[in-house]
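Trainee: Have a look at this one.
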Amino acid sequence: MKYLKSIKYLFIALLLTQLTGCGINTIPTLDEQVNADWAQVQNNYQRRADLIPNLVATVKGYAEHEKDTLTAVTEARAKVSSMQVTPETLNNPEAFKKFEAAQGQLSSALSRLMVVSERYPDLKANQQFIALQAQLEGTENRIAVARRDYINAVKAFNTEIRTFPGRLWHWAMYSDLKIKPNFTATTANADVAPKVEF
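As numbered in mature numbering (1 follows the signal peptide of the UniProt record, and there is no 0), residues -21 to -1, 1 to 177 make up the sequence shown, in order.
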């Protein structure tokens, strides 16, 4: 009888040892990766927001009568800067969409600002403007890469909590962690290819 009891405890200990290696730490690890990648997206958004006042000031000197465009950029930047983004934003699809919509408005306003700059040959030749434009283009590329990394982290996390054995661990230990929202196109008809006419 003692022999069977010893085998039972040995079996339980062996089972617990096996369970520690089967993914119990995967969910929190993936959750932290999502948070880290989101922080990188925010970092790049902040970089863009920091560049905008310099860009607006440079354009303002050349294009004084383009106040509507300059005002739109400034207001879009102010709206983005005023939004409080917390880790809880990642668990609230509605707040996430609002934040992304504000970022989309800022991107749209910046695009209009670049169109305005095309009308002023002296501005396009200004070294400060050229440097700012290059930094802004680089930042937009960084945003795209950071978004891609975030999308991949969300995919890994959401897949883990929806498949076995992650689904079991999610149910048993991490039920407070919800499926993370992902990026969607913020520009209307972004899925339609633009028509180019000469």
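All residues carry an ideal CB built from backbone N, CA and C; glycine is no exception.
1. With a cut-off of 8 Å on the beta carbons, I'd call R56 and L34 a contact; round off their distance for me.
2. At which residues does the alpha helix (DSSP H) containing L85 begin and terminate?
3. How would you write the range of the alpha helix (DSSP H) that I122 sits in, first residue to last?
4. Name the residue from P144, P100 and E139 whose alpha carbon lies nearest to the alpha carbon of K157.
5. Quick one: Cα of S96 to Cα of F78, how far?
6. Taking the continuous alpha helix (DSSP H) assigned at V52, which residues delimit it?
7. In the DSSP assignment, the alpha helix (DSSP H) including L147 goes from what residue to what residue?
8. Roughly how many angstroms lie between the CA atoms of residue 179 and A28, to the nearest whole one?
9. Does DSSP classify V35 as helix, strand or coil?
10. Who are the near neighbours of E67 in its chain, counting only those whose CB is closer than 8 Å to its CB and skipping five residues on each side?
Mentor: This is what the structure gives:
1. Actually they are not in contact, since the Cβ atoms of R56 and L34 sit about 10 Å apart, beyond 8 Å.
2. Following the DSSP letters along the chain, one finds L85 inside the alpha helix (DSSP H) bounded by residues P72 to E97.
3. Where I122 is concerned, the enclosing alpha helix (DSSP H) starts and stops at Q106 to R141.
4. For K157, the nearest C-alpha among the options comes from E139.
5. Looking at the backbone, the Cα of S96 and that of F78 are separated by about 27 Å.
6. Where V52 is concerned, the enclosing alpha helix (DSSP H) stretches over K46 to S61.
7. From DSSP, the alpha helix (DSSP H) with L147 extends over G145 to A151.
8. Since the displayed the chain opens at -21 and closes at 177, residue 179 lies outside it and no answer follows.
9. Three-state DSSP puts V35 in a helix.
10. So the list reads A74, once near-sequence residues are dropped.
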